[in-house]
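Trainee: Encoded as structure tokens, here's the structure I'll be asking about.
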Amino acid sequence: MVTFWLLAPVMVAAALGILFARKAVHAALLLAVVMIGLAILYAVQDAPFLFAVQIIVYTGAILMLFLFVLMLVGVDASDSVVETIKGQRLAATIVGLLFGAVLVLGVAQVTIGATVGLDVANADGNVQGLAQLLFSNYVFAFEATSALLITAAIGAMVLAHRERLTPKQTQADLAAQRMRDYVDHGKHLGPLPSPGVFARHNAVDTPALLPDGTPAETSVSRLLVARGTVRSAPALADDIDELTRSMREEGSVRPGAPGESVPPAEDENDEVK
Amino acid sequence: MDPTPFLALSAILFTIGCIGVLTRRNAIVVFMCVELMLNASNLALVTFSRVHGNLDGQVGAFFVMVVAAAEVVVGLAIIMTIFRTRRSASVDDASLLKY
């Protein structure tokens, strides 16, 4: 019973959190808390098989599916606060609370007979007992379940399938397209330059510098440029100027740039090359 | 162990899920609240199974889990399809079945 009283407040709080969380991801994670709590309550109530299934199926499979779809739909898609029907939210809350009150009162008024406990039923083991029931009394329901699962899998595939409207581009098509671009616009045939040729740190966000010191725009991923995480190229060119100058002036003495870790000397030579 | 607190917790969780379904606008969150309601009923089933001393309740909970899994798969696929055409996962936007 201690487990119950420890878990119940946490679970109710997490469930309320699902109600009030603005972001769907937070709701999903709170739902995971509720489900793990439920799994532990199953274990407390002599249902070890359901405990395992709850964790594997609910927190493992279903919640991951939820998170997957959330990531596909866009994590930042939050709820709209606008009410389509006026007063609907308030009315729904009141009706819901009334329903809950009726439910809890009903449960409180029912006298449940003495708890028998599962010691006898679980005598051969919980899983064995469940299997005995599943394959005798419930065998038709079990068969129907398999049909249901297959239908669900096919349904999901049909719904998620998208007809291809344009023919698939093969590698030969891409090569021909590249050649056409070269003939028509004089676009460079080879691969794009790699970033960070003059890098002083983790380099994908640093554009390569052309021989005249200007940054090569194509050497950094377009995505990084759009996000604005690319180190500004002119500043970088200044850095390199400064570096080469200080090397020329001081010879073997290392210029310690403030706030930055000093790269080893071999790296610097590589950079200047 | 007295079963009443378990049943009360189950009722509370079911109510919270119910209110969530009625008030939230994001289809995925609505779906999560449906899952919460299914889970709450599972808790009641397992508790009753213990009260009555046979495993039928647990078999019922097991079937609920299977159906929930199938339902989630199809439901999320539908949400994905709606999102693909409407660029929104809000239940208010999908008020017409066709366009």
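Line by line, the protein sequences give chains A and B. All residue numbers for the first sequence refer to our numbering, where the first residue is 167 and numbers rise by one. All residue numbers for the second sequence refer to our numbering, where the first residue is 463 and numbers rise by one. Beta carbons are placed, not taken as given, at the ideal position from N, Cα and C, and that holds for glycine. Everything numeric in this text was worked out from a predicted model, so none of it was measured.
Report buried or exposed for Y348(A), applying the criterion of at least 16 other Cβ atoms within 10 angstroms of its Cβ.
Mentor: The residue given as residue 348(A) occupies position 182 in the first sequence. Label assigned to Y348(A): exposed.
Trainee: Name the residues in the region 519-545 of chain B whose C-beta lies less than 8 Å from a C-beta of chain A; which are they?
Mentor: Result list: Q520, V521, A523, F524, F525, M527, V528, V529, A530, A531, A532, E533, V534, V535, V536, L538, A539, I540, I541, M542, T543, F545.
Trainee: Assign A289(A) to one of two classes, buried (16 or more other C-beta atoms within 10 Å of its C-beta) or exposed (fewer than that).
Mentor: In the first sequence, counting from the first residue as 1, residue 289(A) sits at position 123. Label assigned to A289(A): exposed.
Trainee: Where V268(A) and I278(A) are concerned, what is the direct C-alpha to C-alpha distance, given to the nearest angstrom?
Mentor: For the purposes of this step, residue 268(A) is taken as residue 102 along the first sequence, with counting starting at 1. For the purposes of this step, residue 278(A) is taken as residue 112 along the first sequence, with counting starting at 1. One C-alpha to the other measures close to 17 Å.
Trainee: For M494(B), go through chain A and note every residue whose CB falls closer than 7 Å to its CB, in chain order.
Mentor: Along the second sequence, read from residue 1 onward, the residue named residue 494(B) stands at position 32. Result: I184, A193, A194, L197, F232.
Trainee: Using a Cβ-Cβ cut-off of 7 Å (strictly less than) and excluding sequence neighbours within five positions of F468(B), which residues of its own chain qualify?
Mentor: Indexing the second sequence from 1 puts residue 468(B) at position 6. The answer, listed in chain order, is L505, T509.
Trainee: Whose CA, out of A258(A), L331(A), A342(A), lies closest to the CA of C480(B)?
Mentor: Taking the second sequence and counting its residues from 1, one reaches residue 480(B) at position 18. When only C-alpha atoms are compared, the closest one is A258(A).
Trainee: Of all the residues that make up the region 205-224 of chain A, which are near chain B by a beta-carbon distance shorter than 9 Å?
Mentor: Answer in chain order: L207, Y208, V210, Q211, D212, A213, F215, L216, V219, Q220, V223, Y224.
Trainee: Please check if any C-beta of chain A sits within less than 8 Å of the C-beta of R548(B).
Mentor: Position 86 of the second sequence, counted from the start, is the residue given in the question as residue 548(B). Output row for R548(B): interface = no.
Trainee: Take L204(A) as the anchor and find which of G183(A), L173(A), D350(A), F232(A) has the nearest alpha-carbon.
Mentor: One-based indexing of the first sequence puts residue 204(A) at position 38. Checking every option, the nearest Cα to that of L204(A) belongs to L173(A).
Trainee: Identify whether N504(B) lies in helix, strand or coil by the three-state DSSP scheme.
Mentor: Locating residue 504(B) in the second sequence gives position 42, where the first residue counts as 1. Looking at N504(B) - three-state DSSP - the assignment turns out to be helix.
Trainee: Along the region 283-308 of chain A, where does the CB come closer than 7 Å to a CB of chain B? Name the residues.
Mentor: So the list reads G283, L284, V286, A287, G295, L296, L299, L300, Y304, A307, given in the order they occur along the chain.
Trainee: When you compare only the Cα positions, how much space is there between R486(B) and V199(A)?
Mentor: Taking the first residue of the second sequence as 1, we reach residue 486(B) at position 24. Taking the first residue of the first sequence as 1, we reach residue 199(A) at position 33. Distance between the alpha carbons of R486(B) and V199(A): 20 Å.
Trainee: Would you say M463(B) lies against chain A (beta-carbon separation less than 8 Å)?
Mentor: As a first step, residue 463(B) must be located in the second sequence, where it is residue number 1. Yes, M463(B) counts as interfacial toward chain A.
Trainee: So R255(A) is in the alpha helix (DSSP H); what residue range does that whole segment cover?
Mentor: Taking the first residue of the first sequence as 1, we reach residue 255(A) at position 89. 254-275 is the span of the alpha helix (DSSP H), which, as asked, contains R255(A).
Trainee: If you run the structure through DSSP and keep just helix, strand and coil, what is P214(A)?
Mentor: Counted from its first residue, the first sequence places residue 214(A) at position 48. If DSSP states are grouped into helix, strand and coil, P214(A) belongs with the helices.
Trainee: Does the Cβ-Cβ distance between S385(A) and A374(A) come in under 8 Å?
Mentor: Against the first sequence, residue 385(A) aligns to sequence position 219. Against the first sequence, residue 374(A) aligns to sequence position 208. Contact: yes.
Trainee: How long is the line joining the alpha carbons of M167(A) and M463(B), rounded to whole angstroms?
Mentor: Indexing the first sequence from 1 puts residue 167(A) at position 1. Indexing the second sequence from 1 puts residue 463(B) at position 1. Each residue's alpha carbon lies about 6 Å from the other.
Trainee: Verify the CB distance criterion: does I202(A) have a CB-CB separation below 8 Å to chain B?
Mentor: Residue 202(A) sits at position 36 when you count from the first residue of the first sequence. Cβ-Cβ to chain B under 8 Å: no for I202(A).
Trainee: Would you decide whether S418(A) is buried or exposed? Buried here means 16 or more other CB atoms lie within 10 Å of its CB.
Mentor: The residue labelled residue 418(A) in the question sits at position 252 within the first sequence. A caution first: S418(A) carries a pLDDT of 49, below 50, which makes its placement in the model too unreliable to give a value.
Trainee: Rounded to the nearest angstrom, what separates V492(B) and L185(A) at their Cα positions?
Mentor: By 1-based counting over the second sequence, the position of residue 492(B) is 30. By 1-based counting over the first sequence, the position of residue 185(A) is 19. Approximately 10 Å, taken between the alpha carbons.
Trainee: Please classify I251(A) as buried or exposed, where buried requires at least 16 neighbouring CB atoms within 10 angstroms.
Mentor: In the first sequence, counting from the first residue as 1, residue 251(A) sits at position 85. Result: exposed.
Trainee: Whole alpha helix (DSSP H) runs in the region 345-396 of chain A with 4 or more residues, listed along the chain?
Mentor: DSSP runs (the alpha helix (DSSP H)) wholly in the region 345-396 of chain A: 388-393.
Trainee: By Cβ distance, which residues of its chain are closer than 6 Å to A181(A), with the 5 residues on each side in sequence left out?
Mentor: Looking up residue 181(A) in the first sequence gives position 15. Once the five neighbours on either side are set aside, the close Cβ partners of A181(A) are V200.
Trainee: Along chain B, which residues have their Cβ under 7 Å away from the Cβ of G266(A)?
Mentor: Here the question's residue 266(A) lines up with position 100 in the first sequence. A473, I474, T477, listed in chain order.
Trainee: By the 9 Å beta-carbon criterion, what residues does the region 167-182 of chain A contribute toward chain B?
Mentor: Cβ contacts with chain B: M167, F170, W171, L173, A174, M177, V178, A181, L182.
Trainee: Going by the CB atoms, is the gap between V513(B) and V282(A) shorter than 8 Å?
Mentor: Counting from 1 along the first sequence, the entry for residue 282(A) is found at position 116. Counting from 1 along the second sequence, the entry for residue 513(B) is found at position 51. Going by C-beta atoms, V282(A) is nearer than 8 Å to V513(B).
Trainee: Helix, strand or coil: which one does DSSP assign to N516(B)?
Mentor: Along the second sequence, read from residue 1 onward, the residue named residue 516(B) stands at position 54. Coil.
Trainee: May I have the straight-line CA-CA distance separating V191(A) from G183(A), to the nearest angstrom?
Mentor: Taking the first sequence and counting its residues from 1, one reaches residue 191(A) at position 25. Taking the first sequence and counting its residues from 1, one reaches residue 183(A) at position 17. Distance between the alpha carbons of V191(A) and G183(A): 12 Å.
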